[in-house]
Each structure stands twice: as structure tokens, then as C-alpha cells.
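Residue numbers (mature numbering (1 follows the signal peptide of the UniProt record, and there is no 0)): -25 to -1, 1 to 300. Below is one structure, written out as C-alpha cells, with a few remarks after it.
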């Protein structure tokens, strides 16, 4: 009981810090922008082993990479907008700076949050930005972790620091619980509908949410870190297939019409939010040499086999421009 009270007090304290960070302007200087244009077609963006934003030709990922100066823990870009989650420490507590960037990676907005960077996503049009941070814990495979997931509408500049306030419906019934955690947002092309993972009472669910109506409903269980396909018909996700801490997840693709799921040919456990390279292939990071990671790709229909895309890299991003509503 005492341990639970201490944990609760810690989360409340970190929450207060997170809100303060979000509303105060940053005092530290902005990082230099990389000499990259995220709207340039035919390129794949990613983070190199040192966390710097880099690019290679999408049809020749083994080519020499262009590396910029911007340093991030997580990164994503689409529609002329990018988000960089940079890690730091303030007052002895971990913090995340969510940097909102234009097509040339120049900072246009910043939100300073408590916690450790985890997930980052931009909608196809570039209007909506989402992020997830660990407020307590640093792994989705650990017990007792707590996440904060936020959304920013770049058109209005209005941030929702924590989407846990959204009314949640499980099996059609309004759900109330103190242990609700959201993570891994992915946006539809209309800049209104989004999908995410929610956990509560020991179970994880895929939710479909309506930003304008501000409500979310579960579609099925055991879906984590969804990623919507370019055609909007399927979700790539990681599914828990084992209680083992060493090999808990397997990449799958879910057909949103039939709700049929397909295991992908990647049999290694992948703890990442996949990135669609096209309607037929997804990319993801998995552990590499010396504690780093490499980016791999695999067909989205369950066929074929994984192929190494970029070594010593993470956070793959295929920037596209889609006109929003």
C-alpha cells in the first residue's frame, strides 16, 4: 500500500511538471536545423546512430547518407511537418522537448514535457502531430509504466498534453478507470480520425478515435503501436504473442474491413511503431550491433522475408504531402 502511494505521488508530481513544461516557453536554445527538405520526393528520412536526422534515396537506401545537425530520440515527418522528440533532464527529472518543425527542419513550436521520449507521428497532411512519453518506466514490456500521449493541431496551435481525458468506450460501454494509458497514435488522411493503443486493467486494445467529437472506442484487443497504411485500409501493429520478456511481440497487419490479421514474415520481436514505405511494405527498427538498431523492411501481406534497409538507424519516415481537409 505504501509503495502504491509513493508511486501515485511520483506520477502526480511528474504530471505537474509535464503541464508546466508544456505551457512555458523553452529557455534553452533551439538546435540547428539540418540541411534537408522533408518534402523532397524519393527519400527516406531516419535517425542515425548518434540520433541525427539523415536521409537516403528511397530506391537506394545503401547509398551515402545526408546527415544534418538536428538531434532527436524519436522523429517523424509527413506533409511538410516534422516532429523531433529530444531527451534531457531538468530538476533531476527526465524531460522531453517535442520540437515541431517545418519542411526544412526549422523549429516552429516547442512543447517541453516531463518523461522519456517513446513515439512520434505526423498526419499525412502535416497538420496533426502526436507524441508519447514514458512518465514512469521506459519499456512497454515492463509492469507499472505510465505514458502520456499528446496531440497538437498545427493549424490552431492548440496542444492536448495528455489525451487520457478522452471519453473511452470499451465494448460499447463508457469506461472509467485510473490506470488508463494511451500510446502510439496514427492519423487518418482526414486529420480527424486516429488510432492508438490503450491499456487498462491489464489488457491492451486498439482504439479508433474522433478528434472533433473527442471520443474513442475499442475495436479489438492485443494491438500495440498501430500504423495506418497509405490507402487507409490496414494497420501494421505489434501483437503480444509471448509472456517472455525476451521475445514478446510479432508484427502483424490488420485489415480494417474484415478485421482479419496477418502475421508478417519478420519473426524477431519488434518493439517499434512501423512505418509504411508503400501500400505493400513496412519498415521498422530492431536491435542491431553494439546496443544500437537497424532499419528493416518486410512485405505487408505476410509473404517474403525481412530485408536490411539501413544499418545503424532508427525512426524511419517516408515524407509525403497530402492535402488535408
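No residue lacks a Cβ here, since even glycine has one placed at the ideal position from N, Cα and C. As the structure is a computational prediction, the values presented were derived from the model and not from experiment.
Identify which residue in the options has its Cα closest to the Cα of residue i.
{"i": "residue 157", "options": "75, 150 and 124", "result": "124"}
{"i": "residue 22", "options": "100, 85 and 58", "result": "58"}
{"i": "residue 92", "options": "259, 149, 247 and 194", "result": "247"}
{"i": "residue 96", "options": "250, 186, 45 and 113", "result": "250"}
{"i": "residue 115", "options": "291, 221 and 64", "result": "221"}
{"i": "residue 17", "options": "254, 32 and 122", "result": "32"}
{"i": "residue 110", "options": "94, 98, 103 and 102", "result": "94"}
{"i": "residue 141", "options": "187, 130 and 119", "result": "187"}
{"i": "residue 211", "options": "35, 217 and 203", "result": "203"}
{"i": "residue 244", "options": "294, 178 and 214", "result": "214"}
{"i": "residue 90", "options": "100, 51 and 106", "result": "106"}
Using the three-state DSSP reduction, which class does residue i fall into: helix, strand or coil?
{"i": "residue 139", "result": "helix"}
{"i": "residue 266", "result": "helix"}
{"i": "residue 103", "result": "strand"}
{"i": "residue 97", "result": "strand"}
{"i": "residue 283", "result": "strand"}
{"i": "residue 203", "result": "strand"}
{"i": "residue 218", "result": "coil"}
Taking 7 Å as the limit between beta carbons, can you name the residues of its chain near residue i, skipping five residues before and five after?
{"i": "residue 263", "result": "269, 286 and 287"}
{"i": "residue 207", "result": "163 and 164"}
Residue range of the beta strand (DSSP E) that residue i falls in?
{"i": "residue 180", "result": "178 to 185"}
{"i": "residue 212", "result": "209 to 215"}
{"i": "residue 128", "result": "121 to 128"}
{"i": "residue 151", "result": "No beta strand (DSSP E) holds residue 151; DSSP gives it neither H nor E."}
{"i": "residue 248", "result": "Counting along the chain, residue 248 falls outside any beta strand (DSSP E), and DSSP gives it neither H nor E."}
Can you give the Cα-Cα distance for residue i and residue j, rounded to whole angstroms?
{"i": "residue -5", "j": "residue 86", "result": "Per-residue confidence for residue -5 stands at a pLDDT of 40, beneath the threshold of 50, marking its modelled position as unreliable; the derived number appears in the next sentence. Taking the straight line joining both Cα atoms gives about 7 Å."}
{"i": "residue 171", "j": "residue 38", "result": "34 Å"}
{"i": "residue 27", "j": "residue 20", "result": "10 Å"}
{"i": "residue 78", "j": "residue 198", "result": "32 Å"}
{"i": "residue 70", "j": "residue 60", "result": "10 Å"}
{"i": "residue 66", "j": "residue 133", "result": "26 Å"}
{"i": "residue 81", "j": "residue 30", "result": "16 Å"}
{"i": "residue 136", "j": "residue 126", "result": "7 Å"}
{"i": "residue 129", "j": "residue 11", "result": "21 Å"}
{"i": "residue 225", "j": "residue 277", "result": "12 Å"}
{"i": "residue 118", "j": "residue 151", "result": "20 Å"}
{"i": "residue 113", "j": "residue 120", "result": "7 Å"}
{"i": "residue 131", "j": "residue 230", "result": "33 Å"}
Cutting at 8 Å between CB atoms, please list the residues of its own chain near residue i, excluding the five before and the five after it.
{"i": "residue 271", "result": "241, 258, 259, 260, 261, 281, 282, 283 and 284"}
So, at 6 Å on beta carbons, what are the nonlocal neighbours of residue i in its own chain, with the 5 sequence-adjacent residues on each side left out?
{"i": "residue 74", "result": "59, 82 and 85"}
{"i": "residue 182", "result": "171, 173, 191 and 193"}
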